[in-house]
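Here is the structure we will look at, set down as structure tokens.
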Amino acid sequence: MGQIVQETEPNLGTLLTIDVPQLVESMPADGSPKVEFSQRGEDWLFNFSFVSVSARFSAIGVGRTPYEAFAIGKQILERQVREWHRARKDGLSNEMFVAPSSPLTNIRHRPLTALIIDDDVDTAMALESIFRQLGCVTEMITRPELVHRKISSIRADLIVLDWRLGDKLLGGQAVERATRFIETFSDLRTIFEGYRPKVITYSALPYADIHFPETQYFDHVDHWQKPIDFSELAKRSAELVKAEQPQRGC
Amino acid sequence: MPNNISVPRELKAYIPGFLERRDKDLAQLRDLIAQEDYQLLGTIGHKLKGNGASYGFPAITEIGGAIEDAASKKDKDRIFGLVEDFAELIAEIKEHV
Chain P
763 MGQIVQETEP NLGTLLTIDV PQLVESMPAD GSPKVEFSQR GEDWLFNFSF
813 VSVSARFSAI GVGRTPYEAF AIGKQILERQ VREWHRARKD GLSNEMFVAP
863 SSPLTNIRHR PLTALIIDDD VDTAMALESI FRQLGCVTEM ITRPELVHRK
913 ISSIRADLIV LDWRLGDKLL GGQAVERATR FIETFSDLRT IFEGYRPKVI
963 TYSALPYADI HFPETQYFDH VDHWQKPIDF SELAKRSAEL VKAEQPQRGC
Chain U
117 MPNNISVPRE LKAYIPGFLE RRDKDLAQLR DLIAQEDYQL LGTIGHKLKG
167 NGASYGFPAI TEIGGAIEDA ASKKDKDRIF GLVEDFAELI AEIKEHV
């Protein structure tokens, strides 16, 4: 990344009206971008996601100014777009390309990413709400058929995984599929080098009935047995987040 | 039946959608009783057992668990009674929230 000249760097309005649209032009024409700039303390957060029929891109950039946050996110997104072009050229993917999230660099406080996986949308939303209010970046999956793609392509720090995903898929099977998916794409294997998201299984079944598969990519750290009321869920989630990021919340 | 209703402040905005989905569950439960589809009855009971308490409705959890249990035993009469209890519970919740 080149030098950021603060005297002439674009302001937030310019970023939204000129720089972000220019970035989106490099992406598939049928896609929908979602852009958010927010400020947390002294840091600015640029949160970008893009969905089209053939690709998904997402990135978070954090910086001391909106432009610095955007510049970091843009760098990540440009790499994802290059990888998408390469995958299409090599014929590696006949399905939708889902770009892996990348580790944030050059920041002081990286928010944790919490991924909630539950086919029951009400349960998923309650958990998502808790982790979001704890300051985490959150992602939520309620469709069982997308689980293995998402958990292999989003660099989540914490994954809350419902064990019974619809009538045809167990959480363990989703982890097995994700493991195979990661091993198929070298760029995903690179992301997972030296990194293992912590998985909390969540089910009405007792822990003794949960058979988490052998995998080098995910770390099964706890099991929460349903039903759990909201205050207890919030308490356990807060303890989990605190253990992952002791300096401050998320 | 105890009907403690204590909706977490953080989830209040989600309650209308939650109740709308419970209305759909209720309609589906009634259809499934007529079809004697005990597997799907059990699935819905299991779901209610899991999500009721997290929204501040332990009574939904209780009924869901009972439906799941009755479905495993194919006890149609018991399921029918529980579903009617569920209907009353949802109506009561709507009055309070």
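Sequence lines, in order, name chains P and U. Using our numbering, read the first sequence as starting at 763 and increasing by one per residue. Using our numbering, read the second sequence as starting at 117 and increasing by one per residue. Glycine included, C-beta positions come from ideal geometry on N, C-alpha and C.
Are the Cβ atoms of residue i and residue j separated by less than 7 Å?
i: P/L927; j: P/D882; result: no
i: P/Y964; j: P/D924; result: yes
i: P/T885; j: U/N167; result: yes
i: U/L142; j: U/L148; result: no
i: P/I878; j: P/V922; result: yes
i: P/L896; j: P/A1000; result: yes
i: P/L874; j: P/Q1007; result: yes
i: P/P959; j: P/G934; result: no
Grab me the residues of residue i's own chain with a C-beta within less than 6 Å of its C-beta, minus the 5 sequence neighbours each way, in chain order.
i: P/S814; result: P790, D792 and G793
i: P/A821; result: F810, G835, I838 and L839
i: P/K796; result: S811
i: P/E771; result: Y829
i: P/S788; result: V843
In chain P, which residues lie with their C-beta within 7 Å of the C-beta of residue i?
i: U/R137; result: D884
Looking at the unbroken alpha helix (DSSP H) that takes in residue i, where does it start and where does it end?
i: P/A970; result: First-last for P/A970: undefined, no H or E at that position.
i: P/E994; result: F992 to E1006
i: P/M887; result: V883 to Q895
i: U/V199; result: K192 to H212
i: P/Q935; result: G933 to T946
i: P/V786; result: V782 to V786
i: P/Q978; result: Per DSSP, P/Q978 belongs to no alpha helix (DSSP H) and is neither H nor E.
i: U/R137; result: I131 to Q151
i: U/Y171; result: Looking at the DSSP string, U/Y171 is not in any alpha helix (DSSP H), and its letter there is neither H nor E.
i: U/Y154; result: Y154 to N167
Note the first and the last residue of the continuous beta strand (DSSP E) segment covering residue i.
i: P/I879; result: T875 to I879
i: P/L923; result: L920 to D924
i: P/I729; result: This structure gives no information on residue 729 of chain P, because the portion of chain P shown stretches from 763 to 1012.
In chain order, what residues of the same chain lie with their CB nearer than 8 Å to the CB of residue i, ignoring the 5 residues before and after it?
i: P/E945; result: R951
i: U/G158; result: I183, E184, A187 and S188
i: U/L135; result: I206, I209, K210 and V213
i: P/L932; result: W925 and R926
i: U/Y171; result: V123, P124, L127, Y130, I131 and F134
i: P/K930; result: P906
Compare the C-beta of residue i against all C-beta atoms of chain P and say whether one is closer than 7 Å.
i: U/K128; result: no
i: U/K163; result: yes
i: U/S188; result: no
i: U/A169; result: yes
i: U/G166; result: yes
i: U/L145; result: no
i: U/M117; result: Note that U/M117 scores 34 on pLDDT, short of 50, meaning its location in the model is unreliable; the coordinates nonetheless yield the value given after this. Chain P, which has no Cβ nearer than 7 Å to the Cβ of U/M117, makes this no.
Using a Cβ-Cβ distance under 7 Å, would residue i count as near chain U?
i: P/F893; result: no
i: P/K988; result: yes
i: P/L1002; result: no
i: P/F810; result: no
i: P/F992; result: yes
Counting only Cβ pairs nearer than 7 Å, list the residues of chain U close to residue i.
i: P/D981; result: Within 7 Å Cβ-Cβ: nothing; P/D981 doesn't reach chain U, min ~24 Å.
Which residues in chain P have a C-beta closer than 8 Å to the C-beta of residue i? List them in chain order.
i: U/P132; result: The premise fails here: U/P132 is roughly 12 Å from chain P at the closest Cβ pair, so nothing lies under 8 Å.
Which residues in the same chain have their Cβ closer than 7 Å to the Cβ of residue i, if we skip the five residues on either side of it in sequence?
i: P/K988; result: Y964, S965 and A966
What in chain U is Cβ-close to residue i, meaning under 9 Å?
i: P/M887; result: L127, Y130, G133 and F134
i: P/A966; result: H162, K165, G166, G181 and E184
i: P/D984; result: The premise fails here: P/D984 is roughly 17 Å from chain U at the closest Cβ pair, so nothing lies under 9 Å.
i: P/D929; result: Q155, L156 and T159
Run down chain U in chain order and give the residues with a C-beta less than 8 Å from the C-beta of residue i.
i: P/L995; result: S170
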